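Below: the structure, in structure tokens.
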Amino acid sequence: MKKHPLIFCALLLALAGFAQTKSVTKDSLNYREKYEVLKANPNVKQGKYSLSVRSSGKILTTGFYKNNLKDGTWHEYNLKDYVIAEGQYTNGRKTGEWKYYGKLWKLMNKFDFDNNQLTFHQPTHDDSVHVYRVLKGRDTIATLMERPPIYLGSDILFRSLLYNLRYPAEAVKKRVSGRVVIGFTIDEKGHVHDYRVVGSLGYGCDEEALRVVKLIPEDWVAGQYKGSNVAVVMNLPVAFTLE
């Protein structure tokens, strides 16, 4: 039988690379992370990564790390196991065209991270009927928009709220339910600032709502009005419900 030294050497190298990492499972309040780290340096992620819901085991995120940076193909999932976002990371940064999906894997947005450009948007009903508050200098204009601010992967936004929210002890003790409304501004570059409570509930709920809204990843695309990117004032309700 003929030997294939090149194939044999490649196999040995692959096995050696596999042996250089070990698996880690890390639990937080609602999440479970599983990933590979270098045996020589456990602080460096190297290989497969997944994020899931601790209570149900539902997978939320899958991807890879290389030298402790996100790399390769990544996917985000909703609680019905549909892909809601997919694309590439290179050296810890999103690159190329990412796709974002709505219900039943319907394509809603495509964004080119190499050119920082929205290349596709599926208009929604709210796009055409919702009145937004646009900042023009010192004035605030209530108006319809050509394209309102877009969150790339709306399910990711609500997923972040759902699994990071903690019911304040004082609110539990007093049996307080209701909602807090958090206001913020999305500027012309899609950056978020001026977080504030605009609808209060009290009993620690205001502070908690503000905390979790600030944890939402900043994946906004600026809104457009009369052909230009503009700053827009947004409100986001955060519900507190005791079962």
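Mapped onto mature numbering (1 follows the signal peptide of the UniProt record, and there is no 0), the consecutive letters of the sequence shown carry residue numbers -21 to -1, 1 to 222.
For glycine and all other residues, C-beta sits at the position ideal for the given N, C-alpha and C.
Quantities reported herein were computed from a predicted structural model and do not represent experimental measurements.
Looking at the unbroken alpha helix (DSSP H) that takes in residue i, where does it start and where does it end?
{"i": "D185", "result": "C184 to L194"}
What residue range is occupied by the uninterrupted beta strand (DSSP E) comprising residue i?
{"i": "H104", "result": "No beta strand (DSSP E) holds H104; the alpha helix (DSSP H) holding it covers H104 to V108."}
{"i": "N9", "result": "From DSSP, N9 is part of no beta strand (DSSP E); its letter is neither H nor E."}
{"i": "Q(-2)", "result": "Neither: Q(-2) is in no beta strand (DSSP E) and is coded neither H nor E."}
{"i": "V171", "result": "V171 to G178"}
{"i": "V155", "result": "Neither: V155 is in no beta strand (DSSP E) and is coded neither H nor E."}
{"i": "G71", "result": "Per DSSP, G71 belongs to no beta strand (DSSP E) and is neither H nor E."}
Consult DSSP for residue i and reduce its assignment to one of helix, strand or coil.
{"i": "E149", "result": "helix"}
{"i": "Y142", "result": "helix"}
{"i": "S207", "result": "strand"}
{"i": "K59", "result": "coil"}
{"i": "F92", "result": "coil"}
{"i": "K115", "result": "strand"}
{"i": "S34", "result": "coil"}
{"i": "D134", "result": "helix"}
{"i": "K18", "result": "coil"}
{"i": "residue 224", "result": "This structure gives no information on residue 224, because the portion of the chain shown stretches from -21 to 222."}
{"i": "L215", "result": "strand"}
{"i": "L97", "result": "strand"}
{"i": "L83", "result": "helix"}
{"i": "K168", "result": "coil"}
{"i": "T220", "result": "coil"}
{"i": "D198", "result": "coil"}
{"i": "G181", "result": "coil"}
{"i": "L123", "result": "coil"}
Please return the same chain residues whose Cβ sits closer than 6 Å to the Cβ of residue i, not counting the five positions on each side in sequence.
{"i": "G51", "result": "F43"}
{"i": "S64", "result": "The sequence given here has Ala at residue 64, not Ser. If we look at A64 and ignore the five residues flanking it on each side, its Cβ neighbours are E55, Y79 and G132."}
{"i": "K89", "result": "E76, K78, T98 and F99"}
Report yes if the C-beta distance between residue i and residue j is below 9 Å; otherwise report no.
{"i": "R117", "j": "V211", "result": "no"}
{"i": "V192", "j": "L140", "result": "yes"}
{"i": "K152", "j": "N208", "result": "no"}
{"i": "Y142", "j": "V32", "result": "yes"}
{"i": "K49", "j": "Y61", "result": "no"}
{"i": "residue 230", "j": "K45", "result": "Lying before the first or after the last residue shown, residue 230 is absent from the chain, which here runs from -21 to 222."}
{"i": "A201", "j": "D166", "result": "yes"}
Using a Cβ-Cβ cut-off of 9 Å, state whether residue i counts as contacting chain C.
{"i": "L140", "result": "Protein chain content of the structure displayed is limited to a single chain, and chain C is not contained in it."}
Taking 7 Å as the limit between beta carbons, can you name the residues of its chain near residue i, skipping five residues before and five after?
{"i": "L30", "result": "Y10, E12, L39 and T40"}
{"i": "residue 235", "result": "One cannot answer for residue 235 here, as it falls past the ends of the chain, which runs -21 to 222."}
{"i": "N47", "result": "V23 and K24"}
{"i": "H109", "result": "P127"}
{"i": "Y182", "result": "P147, E149, A150, K153 and V155"}
{"i": "T220", "result": "S156"}
{"i": "D134", "result": "N57 and I63"}
Can you list, in chain order, the residues of its chain with a C-beta nearer than 8 Å to that of residue i? Leave out the 5 residues immediately preceding and following it.
{"i": "F92", "result": "G66, R72, K73, T74, G75, E76 and W77"}
{"i": "G206", "result": "E125"}
{"i": "Q101", "result": "G81, K85, L86, M87 and N88"}
Would you say residue i touches the ligand GTP, meaning its beta carbon is less than 8 Å from a heavy atom?
{"i": "L8", "result": "This structure simply doesn't include the ligand GTP, nor any ligand for that matter."}
Practice prompt. Decide yes or no for the touch test of the stretch 145 to 157 against the stretch 167 to 175: beta carbon pairs closer than 8 Å, at least 3 of them.
Written response: By the Cβ criterion, the stretch 145 to 157 is not in contact with the stretch 167 to 175, since fewer than three pairs of Cβ atoms, one from each stretch, lie closer than 8 Å.
Worksheet item: Do three or more CB pairs link the stretch 154 to 164 to the stretch 175 to 190 at distances below 8 Å?
Response: yes
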